[in-house]
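The structure under discussion appears below in the form of structure tokens.
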Amino acid sequence: MAIEQRPDSEFPVAPALNGHGAARRRLTKAGLGAAGVLMTLESRATLHHRPSCAAPSASLSTGTESTYADNNPMCGGARGPKFWCLVSHFWPCSQNIKFGELFGCRGKYADYANVKLVDILGKDRYEGFVGRYLATTWLNIMTGQINFLTEDTVRIMWSDLQTKGYYKPTPKTYWMAPDVIGYLQKTYRD
């Protein structure tokens, strides 16, 4: 197709399209529009949360699909704080257990020692408290929903955050409380 240059214009003008060319242009525009809709529909599927089943150090280096794992990591059934607050018959302990009975509390965290675990999990005022997510993960570990973290790892996270102000998943990486919360939330399916 030749493009004409009109003398009174700096820009070339394409010749008028015949019936077939106009139909092709409409199909192309429709196809581009449909691609946008399909991409939107596909991206909605990614909004559904698929848990990440990797230990803290592995989540930084090899991602969730490590070929060096001794066993198959499991976390597909791991649940979040709201679930554990509402469903007491799955608990591996009494719902009356205090946070301090599971996680030693000192310094500025001493007030949490006497708060019931169920309250920390269920009340919105504890939403940003890292202990809420550590307790949730502890419940997931103790009920066999997670096998790539241990009870000791969760307690070390808590101890390090209290004493040092950070948790070190690898030698040169420092996670503050929001980083630990973000990591732990990725291990839950809801």
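Numbered according to the numbering used here, the sequence shown spans residues 119 to 308.
Note that beta-carbon positions come from the ideal geometry of N, C-alpha and C, so glycine has one too.
Just so it is clear, the structure is predicted and the values come from calculations on it, not from any experiment.
Considering just the uninterrupted stretch of the beta strand (DSSP E) at residue i, what are its terminal residues?
| i | result |
| --- | --- |
| lysine 286 | 285-288 |
| tyrosine 292 | 291-293 |
Is the separation between the beta-carbon of residue i and that of residue j shorter than 8 Å?
| i | j | result |
| --- | --- | --- |
| glutamine 280 | glycine 218 | no |
| valine 236 | tryptophan 256 | no |
| proline 199 | leucine 239 | yes |
| phenylalanine 221 | tryptophan 293 | no |
| glutamine 303 | tyrosine 251 | yes |
| tyrosine 306 | arginine 197 | yes |
| aspartate 308 | phenylalanine 201 | yes |
Buried or exposed, going by whether 16 or more other CB atoms sit within 10 Å of the CB of residue i?
| i | result |
| --- | --- |
| proline 174 | buried |
| cysteine 171 | buried |
| leucine 165 | A caution first: leucine 165 carries a pLDDT of 38, below 50, which makes its placement in the model unreliable, though a value can still be read off. Flag for leucine 165 reads exposed. |
| threonine 268 | exposed |
| isoleucine 299 | buried |
| valine 205 | exposed |
| cysteine 211 | exposed |
| glycine 249 | buried |
| asparagine 214 | exposed |
| glycine 181 | Residue placement at glycine 181 cannot be trusted, given a pLDDT of 46 that sits under 50; what the coordinates show is reported in the next sentence. Exposed is the call here. |
With respect to the alpha helix (DSSP H) encompassing residue i, which residues constitute its N-terminal and C-terminal limits?
| i | result |
| --- | --- |
| phenylalanine 217 | 217-220 |
| phenylalanine 208 | Run containing phenylalanine 208: none; DSSP gives neither H nor E here. |
| lysine 200 | 199-204 |
At a cut of 8 Å, does the segment 222-232 reach the segment 257-272 through at least three beta carbon pairs? no
Could you tell me which uninterrupted alpha helix (DSSP H) segments, each at least 4 residues in length, are contained entirely in the segment 219-271, listed from first to last along the chain? 235-240, 248-260
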